[in-house]
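Plus 5 on top of the position in the sequence shown (first one is 1) and you've got my numbering.
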Amino acid sequence: MVDAAGRPVSDAVVSVRPAGGIPAGPIRFPWPTTMIQQNVAFVPHVLIVPVGATVRFPNKDKVRHHVYSFSRPAKFEIKLFGQDETRSYTFKTPGAVAVGCNIHDQMTGFIKVVETPFAAKSDAAGTARITGMATGTAQVTIWHPLLRAKDNELVVNVPIPGSGAASKTVPLTLRAAR
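Below, the structure written as structure tokens:
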């Protein structure tokens with residue numbers, strides 16, 4: 006992913022519905038379903054989890070936090086908890102969830118809840134790698150918190166050849182960060 010100036014875009018969530026559909030069974034990603042509160046920030050800033058995942062919110066700061074979301078897929082509130090305490094929440098509905106701290110307004114994070122095992126987040130080079138898809142045209146959804154698009158999402162079709170390796174550079178128009 007690149008922005009309008011051709012610079013790489015990190016933290017874009019790429020989720021794929023392959024031509025053969027979504028395989029049955031539980032979805033597991035190789036990263037933890039954890040959003041740490043550290044240095045008065047959410048780490049990672051963007052987290053991908055499958056529907057039904059329970060996300061842990063450990064507090065590594067010396068100050069207390071009050072985690073909440075008003076987002077439609079998951080409205081929740083985790084009241085004040087301190088250093089080395091962990092709270093959790095189960096995400097039952099797909100979509101993008103903006104997370105904040107009621108005490109520290111500058112703290113924002115995002116949890117993208119997906120219904121596919123084919124998902125990845127773009128790195129500092131703007132690259133997201135997804136493997137194991139069937140041959141055919143895949144429907145690729147790209148989400149980013151600053152993307153200028155309905156629901157911050159862009160959908161593109163990408164042909165997946167028999168080799169299973171496909172590459173596509175997608176330009177994203179982003180809003181200015183606040």
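All C-beta atoms, glycine included, are put in the ideal place defined by N, C-alpha and C.
{"Item": "If you draw a straight line from the alpha carbon of Arg-153 to that of Ile-147, how long is it in whole angstroms?", "Value": "11 Å"}
{"Item": "For Leu-184, which option in Asp-128, Ala-9 and His-149 has the closest C-alpha, if you only look at C-alpha atoms?", "Value": "A question about residue 184 goes unanswered here, because the residues of the chain that appear run from 6 up to 183."}
{"Item": "Using alpha carbons as the reference points, say which of Phe-81, Asp-128, Asn-64 and Phe-96 lies closest to Glu-120.", "Value": "Phe-96"}
{"Item": "Considering only their Cβ atoms, is the gap separating Ala-139 from Pro-35 smaller than 8 Å?", "Value": "no"}
{"Item": "Could you tell me how far apart the beta carbons of Val-18 and Lys-126 are, in whole angstroms, since I believe they sit closer than 8 Å?", "Value": "6 Å"}
{"Item": "With the cut-off set at 8 Å, would you say Gly-105 and Thr-113 are in Cβ contact?", "Value": "yes"}
{"Item": "Pull the bridge partners of Trp-148 from the DSSP assignment, please.", "Value": "Val-18 and Glu-158"}
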